[in-house]
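*Asks:*
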Amino acid sequence: MSSNPMLKGTLQTIILKLLEDNSQMYGYEIAQKVKEITTGDIVLTEGALYPALHKLEAEGLLETFTEIVDNRVRKYYRITEQGGKEVTDKLNEARLFVNQLQLLLNLKPNTI
Amino acid sequence: MKPDEEQMQYLKDYLRAVLKYHETYEEVYDHILLALEERPQEKFFASTVDAIIMDDFGGNNGLMMMEENCRNAIAGEVWKQYWRCFFSYLKFPYVIYTVFISMILGYIAIHVRYKVIFLSEIIWVLSAIMIPVLLFAGRKFKIGYKLDGPQKLLKDGILGKLVSKPFQFIIWYFLLSVLIRDTQGIFNYHLIFDLWRYISPLILIAVFVAATIHCLSFIRLIKGEFKISIMG
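This is the structure:
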């Protein structure tokens, strides 16, 4: 799924949030962006990233368009209206999960 | 590093040998070229490509598994969407069309016993099954002929399954017809109509309506496909 197994199940949320913030991105760019934001601590494996992107597209949460860059096709993803609503729900779910995990494991954010 | 024409051709040939589907081929090709830009010039281009595929996808097997996962993810979603469309014809507002079609077909099946009318109903069912097949072929022609690289698309498998299942039903129906006639030791061209006598009109109407809903659902499912424009 990613280099961190704890991220399993949050891949779609990460993708949707990134696309909400960046209007349009291609697969490689998404993987690089995650690496950049987390200073390399989290690496999305492409083996999980592309199937997740295709699934989100099939679900209608993402839409795609292509551009010719250096004589090759580049596929861009962008969030749909439906995807915009979904990202809010998924972020709320993630927030709740993190809060519960903090309570259960007695974690303090500043000590992580 | 920036690959030259020969190296890019090598990469295309390499990926065509490993990948089956056009969408994944294009994305992986672009991905590897982008990854190459961040790597220093090395003596052997092939080993640099291998290293990227190993790091990012877990090698050739990982690449193929990624492609299968893409196909499965899409197939599952298309399957769900098809049934969602199909069952929407049993709910408001689409149920109005279903009731209307059922009434027409029901009237014909119950009140009119002429073979000509039966024949027209059979043509209706065959058309309802054939239209999705033609749309599927049209989609392949519209999108497929423009493609550089693998010609298969990720949705081909599931859409093919959706158009072929009703055909299998028809084949079973014909086999059943033949079987019924064979037990009586007679075989003639009235074969198709004879089975109607053994089937309740309600089942007949259900089959006709299901074929019609299948056709309408498939049209709704696939209409977005014709808007796809793959450049290049």
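Protein sequence lines correspond, in order, to chains A and B. The numbering of the first sequence is our numbering, which starts it at 124 and goes up by one. The numbering of the second sequence is our numbering, which starts it at 11 and goes up by one. Every residue gets a Cβ at the ideal spot worked out from N, C-alpha and C, and that includes glycine. Only a predicted model underlies this, so the values are computations on that prediction, with no experimental measurement involved.
For arginine 49 of chain B, name the three-state secondary structure that DSSP assigns.
*Replies:* Locating residue 49 of chain B in the second sequence gives position 39, counting from the first residue. Here arginine 49 of chain B sits in coil by DSSP.
*Asks:* Go ahead and pull the three-state DSSP assignment for methionine 241 of chain B.
*Replies:* As a first step, residue 241 of chain B must be located in the second sequence, where it is residue number 231. Here methionine 241 of chain B scores only 37 on pLDDT, less than 50, and its place in the model is too uncertain to base an answer on.
*Asks:* Kindly say whether methionine 64 of chain B, judged by its beta-carbon, lies nearer than 8 Å to any beta-carbon of chain A.
*Replies:* The residue labelled residue 64 of chain B in the question sits at position 54 within the second sequence. By this cut-off, methionine 64 of chain B is not an interface position.
*Asks:* Take asparagine 17 of chain B and list the residues in its own chain whose beta-carbon comes closer than 8 Å to its own, dropping the five residues that flank it on each side.
*Replies:* Here residue 17 of chain B corresponds to residue number 7 of the second sequence, with the count starting at 1. Reading off the sequence, residue 17 of chain B comes out as glutamine, not asparagine. Within the same chain, glutamine 17 of chain B has close Cβ partners Phe55.
*Asks:* Under 8 Å between the Cβ atoms of threonine 211 of chain A and glutamate 186 of chain A?
*Replies:* The sequence position of residue 211 of chain A within the first sequence is 88, counting from 1. The sequence position of residue 186 of chain A within the first sequence is 63, counting from 1. No; because the gap between Cβ atoms is not below 8 Å, this pair is not in contact.
*Asks:* Reducing DSSP to helix, strand and coil, say where valine 217 of chain B ends up.
*Replies:* Sequence index remark: in the second sequence, residue 217 of chain B carries index 207 (1-based). In the three-state DSSP reduction, valine 217 of chain B falls in the helix class (H, G or I).
*Asks:* What does the alpha-carbon distance come out to for the pair tryptophan 134 of chain B and leucine 176 of chain A?
*Replies:* For the purposes of this step, residue 134 of chain B is taken as residue 124 along the second sequence, with counting starting at 1. For the purposes of this step, residue 176 of chain A is taken as residue 53 along the first sequence, with counting starting at 1. Distance between the alpha carbons of tryptophan 134 of chain B and leucine 176 of chain A: 39 Å.
*Asks:* CB-CB under 8 Å to glutamine 91 of chain B, same chain, minus the five flanking residues each way: which ones, in chain order?
*Replies:* Working through the second sequence from its first residue, we reach residue 91 of chain B at position 81. If we look at glutamine 91 of chain B and ignore the five residues flanking it on each side, its Cβ neighbours are Leu231.
*Asks:* Quick check: does the Cβ of serine 227 of chain B come within less than 7 Å of any heavy atom belonging to the ligand SAH?
*Replies:* Ligands in the displayed structure: none, and consequently the ligand SAH is not present.
*Asks:* If I measure Cβ to Cβ from arginine 149 of chain B and keep anything under 8 Å in the same chain, skipping five residues before and after, which residues do I get?
*Replies:* Here residue 149 of chain B is taken as the residue at index 139 of the second sequence, counted from 1. Take arginine 149 of chain B, set aside five residues on each side of it, and the residues of its chain with a beta-carbon closer than 8 Å to its own are Leu169, Ile232, Glu235 and Phe236, in chain order.
*Asks:* Is glutamate 209 of chain A close to chain B? Criterion is C-beta to C-beta, closer than 8 Å.
*Replies:* Along the first sequence, one-based indexing puts residue 209 of chain A at 86. Judged by the 8 Å Cβ criterion, glutamate 209 of chain A is not in contact with chain B.
*Asks:* When the Cα of leucine 44 of chain B is compared with those of A:Leu130, A:Gln225 and A:Gly150, which residue comes out closest?
*Replies:* Taking the second sequence and counting its residues from 1, one reaches residue 44 of chain B at position 34. Ranking the options by Cα distance to leucine 44 of chain B, first place goes to A:Gly150.
*Asks:* Where does isoleucine 202 of chain A sit, in a helix, a strand or coil, going by DSSP?
*Replies:* By one-based count along the first sequence, residue 202 of chain A stands at place 79. Strand at isoleucine 202 of chain A.
*Asks:* Of all the CB atoms in chain B, is at least one closer than 8 Å to the CB of arginine 197 of chain A?
*Replies:* Counting from 1 along the first sequence, the entry for residue 197 of chain A is found at position 74. Closer than 8 Å: yes.
*Asks:* Just checking: is the beta-carbon of threonine 58 of chain B within a distance shorter than 8 Å of some beta-carbon in chain A?
*Replies:* Taking the first residue of the second sequence as 1, we reach residue 58 of chain B at position 48. Threonine 58 of chain B does not count as touching chain A.
*Asks:* Report back the beta-carbon spacing between lysine 213 of chain A and glutamine 155 of chain A to the nearest angstrom; my notes put them in contact at under 8 Å.
*Replies:* Within the first sequence, numbered from 1, the residue matching residue 213 of chain A stands at position 90. Within the first sequence, numbered from 1, the residue matching residue 155 of chain A stands at position 32. Wrong, their Cβ atoms sit about 22 Å apart, outside the cutoff.
*Asks:* On the three-pair Cβ rule with 8 Å, is the segment 220-229 of chain A touching the segment 56-72 of chain B?
*Replies:* no
*Asks:* Along chain B, which residues have their Cβ under 8 Å away from the Cβ of tyrosine 151 of chain A?
*Replies:* Within the first sequence, the letter at position 28 stands for residue 151 of chain A. Ordered by position in chain B, the residues that pass the 8 Å Cβ test against tyrosine 151 of chain A are Asp40, His41, Leu44 and Ala45.
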